[in-house]
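Worksheet: one structure, shown below.
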Amino acid sequence: MSSPIIEVRDLCKDFVLHTQGGVRIPVFNGLSLAVGAGECVGLHGPSGTGKSTLLRSLYANYKPDTGSVLVRHGDRLVDMATAEPRDVLAVRKHTLGYVSQFLRVIPRVPALDVVAEPLKLLGTSEAEAREKAGGLLARLRIPERLWHLAPATFSGGEQQRVNIARGFVVDYPALLLDEPTASLDAANRDTVVALIQEAKARGCAVVGIFHDADVRTRVCDRLFEIEGYRHAA
Ligand SMILES: Nc1ncnc2c1ncn2[C@@H]1O[C@H](COP(=O)(O)OP(=O)(O)OP(=O)(O)O)[C@@H](O)[C@H]1O
Ligand SMILES: [Mg+2]
1 MSSPIIEVRD LCKDFVLHTQ GGVRIPVFNG LSLAVGAGEC VGLHGPSGTG KSTLLRSLYA
61 NYKPDTGSVL VRHGDRLVDM ATAEPRDVLA VRKHTLGYVS QFLRVIPRVP ALDVVAEPLK
121 LLGTSEAEAR EKAGGLLARL RIPERLWHLA PATFSGGEQQ RVNIARGFVV DYPALLLDEP
181 TASLDAANRD TVVALIQEAK ARGCAVVGIF HDADVRTRVC DRLFEIEGYR HAA
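With the UniProt record's numbering, the residue at position 33 of the sequence shown is 33, and numbering never jumps.
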C-alpha cells in the first residue's frame, strides 16, 4: 500500500461510567489498522464489540485512552486522538466525512440545505452547492416536494438518505460510514453501493460498518475483525 490515508496505531479504549460507581467497560486494546486510498475496510464482529466506538474514535467523537489515529490531511498528518479542537474541525471539514447511523435533525433547516451545508462551508457558491445537493437527493429518491421541508418529520429511511447525501456531497479523501444501508430498500441500497464505489474510484479511503452481507461483499476490499482486540474485563 502507498502511504495510508488513515493509520490507527495501538489504540486502546475503555469507558468508565462515573455515574455508576466508576464501572470500567473495556472495549479494545492494542488495535492497529491502516487504510489506503481507494480502499474500503469493513469493521466486522458481533454486536457490542466496539465497531461504532472505533468509528467514533477515528472521527474524534470519542477520545481513546492511548494510541494514535493518524489522518493524512493535505500534506500533514493529524493525530485525531490528540489534535487541538481547531485541527479536528479542519480535518472534518476538508478531509474526513462521517455518515452516522442516524441523522441529527436541525430544526427548521430544509433537507436541501442540510445536504448543501458541508459544501458551502468549503466556499462553494450557494447555487452550485444546492445543485449538487439536489442531484444527490434525486439519486437517493427523495421526492422533490420534500427538499424544502425540514427532515424532522421524514421517515427513518428518508432521514438516513438525507444523511448519506450530506456525507457524499463533498469529495472527501476519507469517509466513515456507520451502517449506511440499515433501513433502506433494495433500490436505495444499490444507490449507496454505487456512491461508495464511485468514492473509492476517485481514491477515497473508506472505513464502514455494513450489517448487510451483500453490501459488504460488494464494497469491502477486506474485513477487519474487531473481536481479536477485545481485552479481558
Ligand atoms: N458512550 C458510551 N459510554 C459507555 N459505554 C459505551 C459507550 N458507547 C459504547 N459503550 C460500550 O462499548 C461497547 C461497544 O459498543 P459499540 O457501540 O462500539 O458496539 P458495536 O460493535 O458498534 O455494536 P452494534 O453492532 O450493536 O452496533 C459496548 O459494551 C457498549 O456498552
Ligand atoms: Mg454500532
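Built from N, CA and C at the ideal position, the CB exists for glycine as well. None of these values were measured; they are calculated from a predicted model.
Check: In three-state terms, what does DSSP make of H94?
Finding: helix
Note to self: Tell me whether S52, by its Cβ, gets closer than 6 Å to a heavy atom of ligand 1.
What the structure shows: yes
Note to self: Going by C-alpha to C-alpha distance, which of E144, L17, D65, L176 sits closest to I196?
What the structure shows: L176
Notebook entry, point to check: Is it true that the CB of E227 sits closer than 7 Å to the CB of G45?
Noted result: yes
Next item on the list: Could you spell out where the beta strand (DSSP E) holding N29 opens and where it closes?
Entry: 23-35
Notebook entry, point to check: Is any heavy atom in ligand 1 found nearer than 6 Å to the beta carbon of S47?
Noted result: yes
Note to self: According to DSSP, simplified to helix, strand and coil, what is S3?
What the structure shows: coil
Checklist line | Reduced DSSP secondary structure (H/G/I, E/B, other) of V169 | finding: coil
Check: Quick one: Cα of F154 to Cα of A116, how far?
Finding: 18 Å
Next item on the list: Starting from T191, follow the alpha helix (DSSP H) in both directions and report where the run begins and ends.
Entry: 186-201
Item checked: As assigned by DSSP and simplified to three states, the class of G208 -> strand
Check: In the DSSP assignment, what are the bridge partners of T66?
Finding: C12
Check: Based on the DSSP secondary-structure assignment, which residues constitute the bridge partners of D79?
Finding: L70
Checklist line | Start-to-end residues for the alpha helix (DSSP H) that takes in R216 | finding: 213-219
Next item on the list: Using three-state DSSP, classify L58 as helix, strand or coil.
Entry: helix
Note to self: Mapping the DSSP letters down to three states, classify V109 as helix, strand or coil.
What the structure shows: coil
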